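Let me begin by presenting the structure, written as structure tokens, before commenting on it.
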Ligand code: KOT
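Numbering (UniProt numbering), first residue to last: 3 to 833.
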């Protein structure tokens, strides 16, 4: 082949024809060919990274055939496609996903071992694709895998950020952020498509063109254009049958960029424009559940929404003469409001470019879009200042005003005259001397279905942020409880548990998670308990090695591993866990003779760089950890660990080693949670509030197999109405008072005794997240955990019941519901 020239002289080159064979010999030959011809290395010179690249490229070859078949079948059949638009895809590593779903893991391990290469070492070399912040982005990645598994023809659309979520370093207990350049050594999974590029406009002005009859036409003349270039990653489903595409857009300066300036000698000025254009895909905003608010973020949102729409409209028009049948051929799902400007862009395409009458265009738009809401936190609801939108997207702002006016006209015509209601359902908010565009309202009005991500969250949506819109359009809001892909979170992350499940339940459990239920009948079986326990112990030993390597702390695999892993946020209440840790520490010191159940408290998570309280909570975790771990009187009964740089691949190591899952958000604030599902599936017991999907986990695993405590969402709302001073609560709990006094006075921060003074003060003055109100109930629930842990047979019975009863939280189930209730597309029948 033409690539042969790339090989070094004097090297015997292996055959490069083994494109699709999957025997051990085929795979070995394919990896060697990739190493020579694609990586350009000989075996003796190859680093682990070279071997990883060669292996990944050989695996990718084996996906391509299915990819092309899937594409051809969808195209020939004129099958409806799903477009999942998301500013975040928190993918993690892909090699084991691909190997698992193709059924090639064992063969590849053997192929490589014949070359003296260890597959599990290569696994660790792959960088994490962290193109997301947390739950919302990880959900998008799980959904991509499940859509491929269920043979739903789908594209994921997003941005190919050069820098993913920052790398977290903990220095002296404080979080520091470093850039995460995940692409610096190349990305073997993607295909660059430089020929698939679209012009994306910004700024400029709108011209009104009179027409012979009827309303005038409008044309937008942007002052700036940026090119969006496609990069495609194939997404292979379970059993490798169907393959979809994740298409991520990269920004490229339009060419020639200000050639005039360049030719007149203003190289720097011309280059500054280039940098400004290409900044769009440089970095993921590290804000979870808070809107970024900067102009660059709005540019990102429009950039990827517009590129994706041009792409799917072009695909449609290649096959059909008009866009009238778009909703029969395309379902677009908006992952939160970040892509909501797409609603307006589609209207602009239909009305301005395709000269479709407004009413028809609106019907098509609504029938095409669905919108998923992921948070009710008022500070997280996205709004944009009208002047900014007007400057950046002048035609879109006109369309938004008209959409809004027609929407409000319709309501008034239907008899709605309550000014408060009209104000609340308007897309434009007034106040603070500035109009703002409410993206949630825009997404709601522009979609035929709006969904929440757990039963409780969806109910609260109906009662709170979308109360008035729900009253007007009662059938639009529906629930789609989140799920997780069991391929990554069980089969790949926990092979030891998977082997036991296959042994007890048969291999069909891998295709049909409802079969996990069969485990319940054996939950009390001492032999099964012993096996499950041994597998967990091995996973804990493996995690213990990671903990020792990264923090220097030694942990006992026979201690209870108590895990809280998620973004650091006050509503998630890592500080409630820390205060309970301090209370336990006090109790151990006060009563050292008691038979304390040994525990390791493990925390991991990133804080938004500008979120000062979250960063202080990380510091508190590290301060508490140092103090307790260094105190000889604790005698190893309690250890505290903060594991730095939490990401998808670290989650894959922590979750299989968990005994206890901390899901302790203030009720009503966590929309769903998905870590709760991953941990329960892997046999951890949940200690949690009645929040998000915890409610549904409790319903499924049963009250005896979960530790529920604290105020309900309704009680939380009541407290917020009646006042949040915590003074009486603290006064009534000597244990809490003692803990707060210790933290406040500097027991854990002797180098800076005032460090936590304001933090503790704020908890007493205005305890918005009700940490103090839930403290005693939480402490009591933790002591119930201790008691159950001492009764080994009872504990492992509960653990097994958790694994047995969470099959419903498979993202295959979730995607099946979206397909049926929102997208109107068929899914492949389970085998
Ligand atoms: C909202 C606005 C900006 C950035 C991120 C968000 C966000 C993230 N909102 N919700 N999430 C999480 O989404 C997960 C998937 O649905 C939920 O499980 C989790 O509860 C949300 O906090």
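Every residue, glycine too, gets a C-beta built ideally from N, C-alpha and C.
Note that the coordinates shown come from a computational prediction; the quantities given were computed from them, not determined experimentally.
In three-state terms, what does DSSP make of residue i?
| i | result |
| --- | --- |
| residue 743 | helix |
| residue 157 | strand |
| residue 187 | coil |
| residue 79 | helix |
| residue 824 | helix |
| residue 299 | helix |
| residue 575 | coil |
| residue 4 | Because residue 4 sits at a pLDDT of 32, beneath the cut-off of 50, its placement in the model cannot be relied upon, and the following sentence gives the value as read from the coordinates. Residue 4 falls in the helix class under three-state DSSP. |
| residue 201 | strand |
| residue 542 | helix |
| residue 798 | helix |
| residue 371 | strand |
| residue 598 | coil |
| residue 169 | strand |
| residue 752 | coil |
| residue 221 | strand |
| residue 19 | With a pLDDT of only 43 at residue 19, under 50, the local geometry of the prediction cannot be trusted, and the value read off the model is given with reservation. Of the three classes helix, strand and coil, the one that applies to residue 19 here is coil, per DSSP. |
| residue 14 | Only weak support exists for where residue 14 lies, its pLDDT of 48 falling under 50; the coordinates are left without a value. |
| residue 564 | strand |
| residue 687 | strand |
| residue 430 | strand |
| residue 283 | helix |
Under 8 angstroms between the Cβ atoms of residue i and residue j?
| i | j | result |
| --- | --- | --- |
| residue 616 | residue 567 | no |
| residue 627 | residue 662 | no |
| residue 665 | residue 619 | no |
| residue 787 | residue 703 | no |
| residue 25 | residue 162 | no |
| residue 640 | residue 586 | yes |
| residue 376 | residue 138 | yes |
| residue 96 | residue 50 | no |
| residue 383 | residue 300 | no |
What do you reckon, is the C-beta of residue i under 7 angstroms from a heavy atom of the ligand KOT?
| i | result |
| --- | --- |
| residue 835 | The chain is shown from 3 up to 833; residue 835 falls before or after that span and cannot be answered. |
| residue 485 | no |
| residue 377 | yes |
| residue 382 | yes |
| residue 718 | no |
| residue 341 | no |
| residue 808 | no |
| residue 288 | no |
| residue 372 | no |
| residue 135 | yes |
| residue 338 | yes |
| residue 291 | yes |
| residue 141 | yes |
| residue 676 | yes |
| residue 298 | no |
| residue 295 | no |
| residue 94 | no |
| residue 116 | no |
| residue 23 | no |
Span of the alpha helix (DSSP H) holding residue i?
| i | result |
| --- | --- |
| residue 662 | Where residue 662 is concerned, there is no enclosing alpha helix (DSSP H), although the beta strand (DSSP E) it sits in stretches over 662 to 665. |
| residue 837 | Since the first residue of the chain shown is 3 and the last is 833, residue 837 is not available in this structure. |
| residue 145 | 137 to 151 |
| residue 442 | 441 to 447 |
| residue 335 | Residue 335 -> not in any alpha helix (DSSP H); beta strand (DSSP E) instead, spanning 332 to 337. |
| residue 812 | Neither: residue 812 is in no alpha helix (DSSP H) and is coded neither H nor E. |
| residue 766 | 759 to 767 |
| residue 271 | 269 to 280 |
| residue 651 | 650 to 656 |
| residue 791 | 773 to 792 |
| residue 647 | It is not in any alpha helix (DSSP H) - residue 647 carries neither H nor E in the DSSP assignment. |
What are the boundary residues of the beta strand (DSSP E) that includes residue i?
| i | result |
| --- | --- |
| residue 91 | 91 to 94 |
| residue 238 | 226 to 238 |
| residue 387 | 385 to 387 |
| residue 209 | 207 to 211 |
So, is the C-beta of residue i closer than 8 angstroms to a C-beta in chain B?
| i | result |
| --- | --- |
| residue 179 | Going by chain labels, chain B is absent from the structure shown, which holds only one protein chain. |
Ranges of the beta strand (DSSP E) found wholly within the stretch 689 to 746, counting only runs of at least 3: none
Minimum length 3: unbroken beta strand (DSSP E) runs contained in the stretch 82 to 132: 83 to 87, 91 to 94
Entirely enclosed beta strand (DSSP E) segments - the stretch 461 to 545, minimum 3 residues: The stretch 461 to 545 contains these whole beta strand (DSSP E) runs: 479 to 481.
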